[in-house]
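Peer 1: These protein sequences, in sequence, are chains W and E. Position 351 of the first sequence, counted from 1, bears residue number 351 in the working numbering, the numbering being contiguous throughout. Plus 1000 on top of the position in the second sequence (first one is 1) and you've got the working numbering.
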Amino acid sequence: MTRGCQGVTLPDLLVSVCVGLVTVTAVVAALPPILDVVQTIPESTDLDQRARGASEAVVHTQKPAGAGPDLLGLGPLPHFVPAVWPLRLGTATADPPATAWGDRLSTLRVAAGAAQAPLAVAVVAGTSTIVLAWHPACGLDASCGFRRGDLVLVFNQHGVFELATLTGVAGLSLTRAGAASQPVDLPGQVTAVSASVVLFDAVRRQLRLADGATGNQPLVDDVVGVRVRYYGSAAPPRWPAVSGADTCAVSADGTPRLGLRGPVPGPPIELALAELSDGPWCGAGAGRFDADLMRVRAVRFAVRLQASSAAVRGPMPAWFTWPGSAVRPGQQVRDRELDLFVTPPNLAWTP
Amino acid sequence: MTRPSWRGSCSRDGVALPAVLLLAAFLVAVSGWLLGHVRTEQEMAMAGDHVDQARRTAAAGLEIAAAALGGVADWTVIAGLVVSVPCPLSDRAPVAIDAGAETVALQAQWDAASRWGRNTPRWQLAWQCDAAGVFGRWPARSAPPALLVWLADQPEADAVPDEDSDGRVMVHALAVGPGGARATASASVQRAGPGGQVSLAAWRDGPE
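Below you can see the structure in the form of structure tokens.
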């Protein structure tokens, strides 16, 4: 007779039940941490990758800010207009001039070899024609390298500027979209510029990027906070300056018109947003800006990102801007904060 | 006589081994998947570090070259301009770089986009170094990035691309790090005359 085929004895049953219970208990105890790891590691790596992407994009757009129209023999842009702006700059969905916001940042730069030429005729307010004078920077190109669709900066050394998109190019005559909001007197210059706008969309929880001439596009998802701060020298700005003439920042005799903000030489000072939007003013119309923007030498860009899944976000407000359902610490992926301090060489090297 | 048996109820084969094997396979698969994630993350972080190292090397090389130009009395002949800054040898071999091929590639890039015809800038290699030489030490585990610095006359100033007549030149730096990480920095610098202070007209990092 084969005992095994006739059933089990009570001791057999007890032992097997015990072994089964131990096994189930071990599995139940081990499974949640394993599941936590399975859930948190992909979320954590995704968060790190988004943080790196945000950092790269912010630094890459800010570092070359202020590169000037070197082919015209001029200095960096901060000699004429601010290179860093606390608002959405451009021709598409721009913020009102002379405002300042803490969740967005625009920069201007002239790309290497970009089209640039002097103005032949002063720009008259209300008109849309820009007439260029030939310059060796034009090279062999009949339109000095300007093309339809270019974003151009029309400016002079008094701190007067217009930003516009070209709708027509015919030889040395350019046509811009819209009309000039203020006159730009001679001697003035025109250059193709690249604008970068980085802004925080709190509703979509996105960091978005725009080029100033078209709409913006998403850069990084699940961004829950952005704070932009500006730093500058305590010394008053020495630009824009014209020998023998008053500008918004410098008197005709070369004396700065803005005050000292602290000891010079001294550490950089933070420029509050209110200071960047309360005058004294340079320019007029759409090109009006606070002269204190010429003080800016560095930008501090703080951005906070969160894990995409609410299942790995916990309840603590200090660690999670938007709390989630994760209870155990092992289940949680905390918000990441980046604090980027960028000193664009074109601003830092400007006296 | 033995009782007839139903194989399913009295089999000694058991299900433990298949169950253990299945569980082990599941754990191996999950572990492999997680390791893949972590490894990808580490590789991306390392690639980012290499690009960052290359970017810092290019920017530092450009600044050193621009500062050294201030000590050169005559900028007229671009080919004769030498960045006379020593590049100390280090015990770490830098990333290999083909200076000739890089010069050709840089020139081709400018030729393709130029609107200045025969006045298109002609890039002259002025300095070759590496990150260990630029920074004086290289504590990182990876090989130090290689550095090349070129000079060229501004295209619009005169009709001779090999000569400077207005005290304005362009400087371009390329750093190549491990894993093919590349970074460039370029600048236009100017000075009022021989011995004058070198000032910056435009600083850019690539790619534009």
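Think of the CB as a built atom: it goes at the ideal place given N, C-alpha and C, for glycine as much as any other residue.
Spell out whether any CB of chain W is found under 9 angstroms from the CB atom of E1041 (chain E).
Peer 2: In the second sequence, residue 1041 (chain E) corresponds to position 41, counting from 1. Chain W contact via Cβ: present.
Peer 1: Could you tell me whether the Cβ atoms of S196 (chain W) and R109 (chain W) are closer together than 9 angstroms?
Peer 2: Position 196 of the first sequence, counted from the first residue, corresponds to residue 196 (chain W). Position 109 of the first sequence, counted from the first residue, corresponds to residue 109 (chain W). Taking 9 angstroms as the Cβ cut-off, S196 (chain W) and R109 (chain W) qualify as a contacting pair.
Peer 1: Look up R1007 (chain E) in the DSSP assignment and say whether it is helix, strand or coil.
Peer 2: For the purposes of this step, residue 1007 (chain E) is identified with residue 7 of the second sequence, where counting begins at 1. Low confidence applies to R1007 (chain E): its pLDDT is 49, below 50, so where it sits in the model is not reliable, and the reading given next is rough at best. Helix, per DSSP.
Peer 1: Taking the CB atoms as reference points, tell me whether V184 (chain W) and V131 (chain W) lie closer together than 9 angstroms.
Peer 2: As a position in the first sequence, residue 184 (chain W) is number 184, starting the count at 1. As a position in the first sequence, residue 131 (chain W) is number 131, starting the count at 1. Contact: no.
Peer 1: Are there 16 or more other CB atoms within 10 angstroms of the CB of V24 (chain W), so buried, or fewer, so exposed?
Peer 2: Here the question's residue 24 (chain W) lines up with position 24 in the first sequence. V24 (chain W) comes out exposed.
Peer 1: Report the rounded CA-to-CA distance for R227 (chain W) versus A112 (chain W), giving the unit in angstroms.
Peer 2: In the first sequence, the residue the question calls residue 227 (chain W) occupies position 227. In the first sequence, the residue the question calls residue 112 (chain W) occupies position 112. For R227 (chain W) and A112 (chain W), the distance between alpha carbons rounds to 30 angstroms.
Peer 1: Is there contact between the region 1143 to 1157 of chain E and the region 1111 to 1120 of chain E, where contact requires at least three CB pairs shorter than 8 angstroms?
Peer 2: As far as the Cβ criterion goes, the region 1143 to 1157 of chain E touches the region 1111 to 1120 of chain E, which means the pair count is three or higher.
Peer 1: Do V58 (chain W) and L340 (chain W) come within 9 angstroms of each other at the CB atom, strictly closer than that value?
Peer 2: Reading the first sequence from its first residue, position 340 is the one you call residue 340 (chain W). Reading the first sequence from its first residue, position 58 is the one you call residue 58 (chain W). It is a contact, given that the beta carbons lie within the stated cut-off.
Peer 1: Smallest Cα separation from T93 (chain W): which of W:A213, W:S233, W:E337, W:D222?
Peer 2: Residue mapping note: residue 93 (chain W) aligns to position 93 of the first sequence, counting from 1. Cα-wise, what sits closest to T93 (chain W) is W:A213.
Peer 1: In this structure, what does DSSP give as the bridge partners for I269 (chain W)?
Peer 2: Your numbering for residue 269 (chain W) matches position 269 in the first sequence. Answer by DSSP bridge pairing, in chain order: W:G232.
Peer 1: DSSP puts M1170 (chain E) in a beta bridge; with which residues?
Peer 2: Translated into the one-based positions of the second sequence, residue 1170 (chain E) becomes position 170. E:A1152, E:S1188.
Peer 1: Using a cut-off of 9 angstroms between C-beta atoms, extract the partners of V1038 (chain E) located in chain W.
Peer 2: If you number the second sequence from 1, residue 1038 (chain E) lands on position 38. Within chain W, the residues near V1038 (chain E) are I41, T45.
Peer 1: With DSSP collapsed to three states, give me the class of I130 (chain W).
Peer 2: Here the question's residue 130 (chain W) lines up with position 130 in the first sequence. In this structure, I130 (chain W) counts as strand in the three-state DSSP scheme.
Peer 1: Taking only three categories from DSSP, how would you classify T350 (chain W)?
Peer 2: Numbered from its first residue, the first sequence carries residue 350 (chain W) at position 350. DSSP places T350 (chain W) in coil when its eight states are reduced to three.
Peer 1: Strictly by DSSP, which residues pair up with T107 (chain W)?
Peer 2: Walking along the first sequence from the start, residue 107 (chain W) turns up at place 107. BP columns for T107 (chain W) point to W:V84, W:S196.
Peer 1: A245 (chain W): which of W:V121, W:C138, W:D253 sits nearest, CA to CA?
Peer 2: Here residue 245 (chain W) refers to the residue found at position 245 of the first sequence. Ranking W:V121, W:C138, W:D253 by Cα distance to A245 (chain W) puts W:D253 first.
Peer 1: Using the Cα positions of A241 (chain W) and V1083 (chain E), report the straight-line distance between them to the nearest angstrom.
Peer 2: Numbered from 1 along the first sequence, position 241 holds the residue referred to as residue 241 (chain W). Numbered from 1 along the second sequence, position 83 holds the residue referred to as residue 1083 (chain E). About 33 angstroms.
Peer 1: Between W:W239, W:G279, W:R208, W:G232, which has its C-alpha nearest P265 (chain W)'s C-alpha?
Peer 2: Counting from one through the first sequence, the residue named residue 265 (chain W) turns up at place 265. Closest by alpha carbon: W:G232.
Peer 1: Nearest to T167 (chain W) by alpha carbon, out of W:T129, W:N216, W:A311?
Peer 2: To locate residue 167 (chain W), count along the first sequence from 1; it is residue 167. The option with the nearest alpha carbon to T167 (chain W) is W:T129.
Peer 1: Taking R52 (chain W) as the query, report the chain E residues whose CB atoms sit under 8 angstroms from its CB, ordered along the chain.
Peer 2: By one-based count along the first sequence, residue 52 (chain W) stands at place 52. Here the neighbours are M1044, A1045, G1048.
Peer 1: Chain E beta carbons: is any one of them nearer than 9 angstroms to that of N156 (chain W)?
Peer 2: As a position in the first sequence, residue 156 (chain W) is number 156, starting the count at 1. Cβ-Cβ to chain E under 9 angstroms: no for N156 (chain W).
Peer 1: Please work out which residues of its chain come closer than 7 angstroms, Cβ to Cβ, to A1068 (chain E), disregarding the five sequence neighbours upstream and downstream, and give them in chain order.
Peer 2: As a working note, residue 1068 (chain E) is residue 68 in the second sequence. Counting only Cβ-Cβ distances below 7 angstroms, and skipping sequence neighbours, we find V1083, S1084, V1085.
Peer 1: Is the beta carbon of I34 (chain W) less than 9 angstroms from the beta carbon of V1030 (chain E)?
Peer 2: Position 34 of the first sequence holds residue 34 (chain W). Position 30 of the second sequence holds residue 1030 (chain E). A contact, by the Cβ cut-off of 9 angstroms.
Peer 1: Excluding five sequence neighbours on each side, which residues of the same chain lie with their C-beta closer than 6 angstroms to the C-beta of V193 (chain W)?
Peer 2: The sequence position of residue 193 (chain W) within the first sequence is 193, counting from 1. For V193 (chain W), where only same-chain residues beyond five positions count, the Cβ hits under 6 angstroms are L108, V110, L151, L153.
Peer 1: Can you pull the chain W neighbours of G1117 (chain E), defined as C-beta to C-beta under 9 angstroms?
Peer 2: Translated into positions along the second sequence, residue 1117 (chain E) becomes position 117. Ordered by position in chain W, the residues that pass the 9 angstroms Cβ test against G1117 (chain E) are G139, L140.
Peer 1: Could you name the residues of the same chain whose beta carbon sits closer than 7 angstroms to that of V1099 (chain E), not counting the 5 residues immediately before and after it, in chain order?
Peer 2: Taking the first residue of the second sequence as position 1, residue 1099 (chain E) is located at position 99. The amino acid at residue 1099 (chain E) is misidentified as Val; the sequence shows Ala. The residues are L1125, Q1128, L1148.
Peer 1: For L260 (chain W) versus P236 (chain W), is the C-beta spacing smaller than 9 angstroms?
Peer 2: Position 260 of the first sequence, counted from the start, is the residue given in the question as residue 260 (chain W). Position 236 of the first sequence, counted from the start, is the residue given in the question as residue 236 (chain W). Result yes, Cβ atoms of L260 (chain W) and P236 (chain W) sit closer than 9 angstroms.
Peer 1: Would you mind telling me which residues of chain W sit closer than 9 angstroms to V1030 (chain E), beta carbon to beta carbon, in chain order?
Peer 2: Position 30 of the second sequence, counted from the start, is the residue given in the question as residue 1030 (chain E). Simply I34, V37, V38.
Peer 1: Measure the Cβ-Cβ separation of T1057 (chain E) and A1143 (chain E) and say whether it is below 9 angstroms.
Peer 2: Translated into the one-based positions of the second sequence, residue 1057 (chain E) becomes position 57. Translated into the one-based positions of the second sequence, residue 1143 (chain E) becomes position 143. Not a contact, by the Cβ cut-off of 9 angstroms.
Peer 1: Using the beta-carbon of each residue, which ones in chain E are nearer than 8 angstroms to Q49 (chain W)?
Peer 2: Along the first sequence, read from residue 1 onward, the residue named residue 49 (chain W) stands at position 49. Ordered by position in chain E, the residues that pass the 8 angstroms Cβ test against Q49 (chain W) are E1041, M1044.
Peer 1: How many angstroms separate the CA atom of Q1167 (chain E) from the CA atom of G159 (chain W)?
Peer 2: In the second sequence, the residue the question calls residue 1167 (chain E) occupies position 167. In the first sequence, the residue the question calls residue 159 (chain W) occupies position 159. Checking the sequence, you will find Gly at residue 1167 (chain E) rather than Gln. About 26 angstroms.
Peer 1: Can we count Q1190 (chain E) as close to the ligand ATP, meaning its CB is less than 8 angstroms from some heavy atom?
Peer 2: As for the ligand ATP, it is missing from this structure, which has no ligand bound.
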